[in-house]
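Colleague:
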Amino acid sequence: MDLKVLRILFDDGAISSAEAVRVPFGKGWYLTCKKNNGDIVHVGTTREPGKPKLFRSLDAVASASTEIGFSELLVHVKEQKKEGGSTEDFKLEVQ
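With my numbering applied, the sequence shown corresponds to residues -15 to 79, in that order.
1) With burial defined as no fewer than 16 other Cβ atoms inside 10 Å of the residue's Cβ, what is the status of LYS62: buried or exposed?
2) What runs of the alpha helix (DSSP H), each 4 residues or longer, lie entirely inside the region 16 to 67?
3) Kindly list the residues whose CB is nearer than 8 Å to the CB of PRO33, restricted to its own chain and excluding five residues on each side of it in sequence; keep chain order.
4) Taking C-alpha atoms, which residue in GLU56, ALA48 and VAL(-11) lies nearest to TYR14?
5) Compute the Euclidean distance between the alpha carbons of SER41 and LYS19, then round it to the nearest angstrom.
6) Apart from the five residues on each side of it in sequence, which residues of its chain come closer than 7 Å, Cβ to Cβ, to ARG6?
7) Mind checking whether LEU(-10) and VAL45 have CB atoms under 8 Å apart?
8) Please state the DSSP three-state secondary structure of VAL5.
9) Taking only beta-carbon atoms, is ASP(-4) less than 8 Å away from chain D?
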């Protein structure tokens, strides 16, 4: 979904939270929004609304979430350890 549609849904109270998720094995971030019915929607582009938009920086994700109307953004950062290759999740709340 594009930002304009998500802003309308936010204003109507249909979206409850926004999350920044690091792209697996890549450089960048996705912005996802959680609807009140439990569905997860990705912020997309106007050209390809079904494809998640790749944000190059966390600042860009924060700016987009603010444009939608959010004052808080949950950030998921996944890092791989060099030894053993296990993954740990970190959650940061950004206001």
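Beta carbons are placed, not taken as given, at the ideal position from N, Cα and C, and that holds for glycine.
Modeller: Once the coordinates are examined:
1) Numbered from 1 along the sequence shown, position 78 holds the residue referred to as residue 62. With fewer than 16 Cβ atoms within 10 Å of its Cβ, LYS62 is classed as exposed.
2) 42 to 52
3) The residue you call residue 33 lines up with position 49 of the sequence shown. Cβ within range, chain order: MET(-15) and ASP(-14).
4) As a working note, residue 14 is residue 30 in the sequence shown. Comparing Cα positions, the closest option is ALA48.
5) As a working mapping, residue 41 is identified with position 57 in the sequence shown. As a working mapping, residue 19 is identified with position 35 in the sequence shown. Approximately 24 Å, taken between the alpha carbons.
6) Within the sequence shown, residue 6 is the residue found at index 22, counting from 1. Contacts found: TRP13, HIS60, VAL61 and LYS62.
7) The sequence position of residue -10 within the sequence shown is 6, counting from 1. The sequence position of residue 45 within the sequence shown is 61, counting from 1. Not closer than 8 Å, so no.
8) Taking the first residue of the sequence shown as 1, we reach residue 5 at position 21. Note: VAL5 maps to strand in three-state DSSP.
9) Among the chains of the structure shown, chain D does not appear; only one protein chain is present.
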